[in-house]
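Here UniProt numbering is used: the first residue of the sequence shown is 1, the next is one more, and so on. For every residue, glycine included, the Cβ atom is placed at its ideal position computed from N, Cα and C. See below for the structure under consideration.
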Amino acid sequence: MHGPAGILLHKAANSKSLQEVKRMRVAIIGAGISGLSLAYYLQRQGIAYDLFEAGSEVGGNMRTLQKNGYTFELGPNTLQMNEDLLQLITELKLETELLPLTPRNNKRYVLHDGQLHAVPSCPKSFLSNGLFSKEDKYRILQERKQPPAEVENETVSDFFERRFGVKQMDFLAAPLISGLYGGDPRQLLVNKAHPELKELEAAYGSVLEGMVQRKKRGVFQRAFSFRNGMSTLPQAIADKLISLHLDHKVEYISRIRGKYIISCNTNGDHDNEEYDKLVLALPAHQAAELIEFTYPGLSAALQNIKYPPMAVVHTVYNRAEVGHPLQGFGALHPWEEQSYTSGSIWTSSLFENRCRPHEVLLTSYISGDRLNGQAPLDEAALLRQVHQELSETYQIKALAPVYQHLHLWCNAMPQFDLYIEDAHQMAEVLEDDGLFIAANWYAGVSVPACVREAKTIAAKINTDTVSRSIAE
């Protein structure tokens, strides 16, 4: 049960534990996957919380659209399992809803000179691959001999250039980063945007060696989704929560005598509530507005975090009109190819129930840097351009798609560049004030990273709660 009634039932059932043991209230603002996960973990620990969501739905960017018999993912298409995420899914009893990605569809492609080339996945395929010249292959293999280095403020582009060479950055890293973040790899910090690369370099002395060793140990997990789409996870968490408040817009936050005062607007009714801890589970620009007067320094730093736009286009064709077999995960489109899209995921090849059996579904991404030429955005022209590019790339004979759908994220993914460093440092210090951040601009953009950070914050709050109870 959600809302005030649920809160009363919860308080009646647990009044003794909350009053005598915990004696703490936590306000969480934002019901994306981070806020939902944190509320779930706090609830399991018996800590009183209120989760406020301005909209009528949960999940944030983790959204699935069911339309005309199709399943469209507006946010992430797949997830990579980690221990925390697996435990959460098990506790929610969602194991039977998991839809794993089959190994045969895990092959990636990259567009080069107008042709699709498979990205090498093993030494044999690397040596026989026509994507790289002999000189390129030699340079890549030399990566194992490159000594590790700690470079201050090293960008993703600089990292790949240092370890592999420019060409490899252009053909593989750039479109990958563009598709994930909608931004420029020459600006993104590698230790923030892709910390796993630095971890491999530090642990094994080489990215390639680290990948080989982890594959031998079975560290790399397969991607997966859910039968009814990615919204399954946030909705399942929401169904377990007893203090989730939808359509509750927090308009102002103040701090008086060590307490946070939350001013909330619910259908025109205004209310103020007092809390011991505050968790911002919001995009940076939204969080900045709420703490402008309470924490002006952090607010200013948050306003500097950039969120480029990104367009997600779902295109459906009759399978008989598509010349390419589409046996794989999808394809990356480097800038050098002068492609309009950053790449496409071959959704119907990953999961069979996303469209009708005689159709194929392609999910294409247009990152912020490529959208800059579309101002104002012309939806019809954008869809036509995507269809034209898909037709040329995948030998599609259809004059028009069976169906197309466009979703524009005006503020897609936070950019982990130099500006975000200040915000991270300030946020860490303010934990002493009882202010915590549970958001992808702090924890990382992946769902597993957000779940892991939510669990960490819940543990910190619980530790402080127990310490307070002992002291009192």
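Cα-Cα separation, Ser133 to Ala203: Going by the C-alpha atoms only, they are around 29 Å apart.
Span separating the alpha-carbon of Pro120 from that of Asn129: In a straight line, the C-alpha of Pro120 is about 7 Å away from that of Asn129.
Determine the direct distance from the alpha carbon of Asn106 to that of residue 520, and round the result to whole angstroms. The chain is shown from 1 up to 472; residue 520 falls before or after that span and cannot be answered.
For Arg356, which three-state DSSP category applies? In the displayed model, Arg356 falls within coil according to three-state DSSP, outside both helix and strand.
Between Pro309 and the rest of its own chain, which residues show a CB-CB distance below 8 Å, the 5 nearest in sequence each way excluded? Cβ neighbours of Pro309 within its own chain (closer than 8 Å, five residues either side excluded): Gly182, Gly368, Leu371, Leu408, Trp409, Cys410, Asn411 and Ala412.
Taking the continuous alpha helix (DSSP H) assigned at Tyr419, which residues delimit it? Leu418 to Val429 is the extent of the alpha helix (DSSP H) around Tyr419.
Provide the residue span of the beta strand (DSSP E) that contains His112, from first to last. From DSSP, the beta strand (DSSP E) with His112 extends over Arg108 to His112.
Does the pairing of the stretch 419-431 with the stretch 344-360 give three or more beta-carbon distances under 8 Å? Counting C-beta pairs closer than 8 Å gives fewer than three between the stretch 419-431 and the stretch 344-360, which falls short of the contact rule.
Report the partner residues of Lys259 according to the DSSP bridge assignment. According to DSSP, residue pairing for Lys259 in a beta bridge involves Ile256.
How many Å lie between Ala236 and Ser37 at the Cα? Taking the straight line from one Cα to the other gives about 11 Å.
Measuring only between beta-carbons, confirm whether Val386 sits less than 9 Å from chain B. Here chain B cannot be found, since the structure has a single protein chain.
CA-CA distance, Asn462 and Asp276? Asp276 has its alpha-carbon roughly 12 Å from the corresponding atom of Asn462.
Here's a check: name, in chain order, each residue in its chain whose Cβ is nearer than 6 Å to the Cβ of Tyr252, leaving out the five neighbours to either side. Counting only Cβ-Cβ distances below 6 Å, and skipping sequence neighbours, we find Ser263.
Sorted by chain position, which residues of the same chain lie with C-beta nearer than 8 Å to Pro376's C-beta, five sequence neighbours on each side aside? Note that Pro376 scores 49 on pLDDT, short of 50, meaning its location in the model is unreliable; the coordinates nonetheless yield the value given after this. Result list for Pro376: empty, nothing under 8 Å.
Contact set for Ala301: own chain, Cβ-Cβ below 7 Å, skip 5 residues either direction: Excluding the 5 residues flanking it on each side, Ala301 has same chain C-beta neighbours closer than 7 Å at Asp422, Ala423 and Met426, in chain order.
Are the beta-carbon atoms of Val313 and Thr363 separated by less than 9 Å? Contact flag set, yes.
How many angstroms separate the CA atom of Lys137 from the CA atom of Pro185? Counting only the Cα atoms, Pro185 lies some 22 Å from Lys137.
What are the partner residues of Ile311, as DSSP defines its beta bridges? According to the sequence displayed, residue 311 carries Ala and not Ile. Residue pairing of Ala311 in beta bridges, as defined by DSSP: Ile366 and Leu408.
Cβ neighbour criterion (16 or more within 10 Å) applied to Pro325: Under this definition Pro325 is an exposed residue.
Within a Cβ cutoff of 7 Å, which residues of the same chain sit near Arg144, ignoring the five residues on either side of it in sequence? Around Arg144: Ser206, Leu208 and Glu209.
Return the bridge partner residues of Asn191 from the DSSP annotation. Answer by DSSP bridge pairing: none, since Asn191 is not bridged.
Nearest to Pro334 (by Cα), restricted to the options Gly229, Gly165, Glu91 and Val110: When Gly229, Gly165, Glu91 and Val110 are compared, the shortest CA-CA separation from Pro334 is found for Val110.
Measuring alpha carbon to alpha carbon, tell me which of Leu298, Leu350 and His245 ends up nearest Gly35. Closest in alpha carbon position to Gly35, among Leu298, Leu350 and His245, is His245.
Residues bridged to Ser225 [DSSP beta-bridge criterion]: Ser225 is bridged to Leu99.
Residues bridged to Ile396 [DSSP beta-bridge criterion]: The partner list for Ile396 (beta bridge, DSSP) reads Val322.
Between Cys355 and Tyr70, what straight-line distance do the alpha-carbon atoms span, to the nearest angstrom? When rounded, the distance between both Cα atoms is 5 Å.
If you measure between the beta carbons of Ala193 and Ala439, is that distance less than 9 Å? For the 9 Å CB-CB criterion, Ala193 and Ala439 do not form a contact.
Residue environment, His270, which counts as buried when at least 16 other CB atoms sit within 10 Å: The residue in question, His270, is exposed, as its Cβ has fewer than 16 Cβ neighbours within 10 Å.
Write down the C-beta distance between Arg222 and Leu101 rounded to the nearest angstrom, noting that I regard them as a contact closer than 8 Å. Arg222 to Leu101, Cβ: 5 Å. Contact.
Quick one: Cα of Thr465 to Cα of His358, how far? When only Cα atoms are considered, Thr465 and His358 end up about 57 Å apart.
For a quick check, are the C-beta atoms of His117 and Leu131 less than 9 Å apart? Cβ atoms of His117 and Leu131: closer than 9 Å.
Quick check: Val279 and Gln404, are their CB atoms within less than 9 Å of each other? The answer is no: Cβ separation not under 9 Å.
Compute the minimum distance between the beta carbon of Arg257 and the heavy atoms of the ligand ATP, and state whether it is under 8 Å. Absence of the ligand ATP is noted for the structure shown, with no ligands found whatsoever.
Could you give the distance in angstroms between the alpha-carbon of Leu42 and the alpha-carbon of Leu85? Straight-line spacing of the CA atoms in Leu42 and Leu85 works out to 16 Å.
Looking at Ile291: is its Cβ nearer than 9 Å to the Cβ of Glu274? Not in contact: Ile291 and Glu274 (Cβ atoms no closer than 9 Å).
For His285, the three-state DSSP class (helix, strand or coil): Under the three-state reduction of DSSP output, His285 falls in the helix class.
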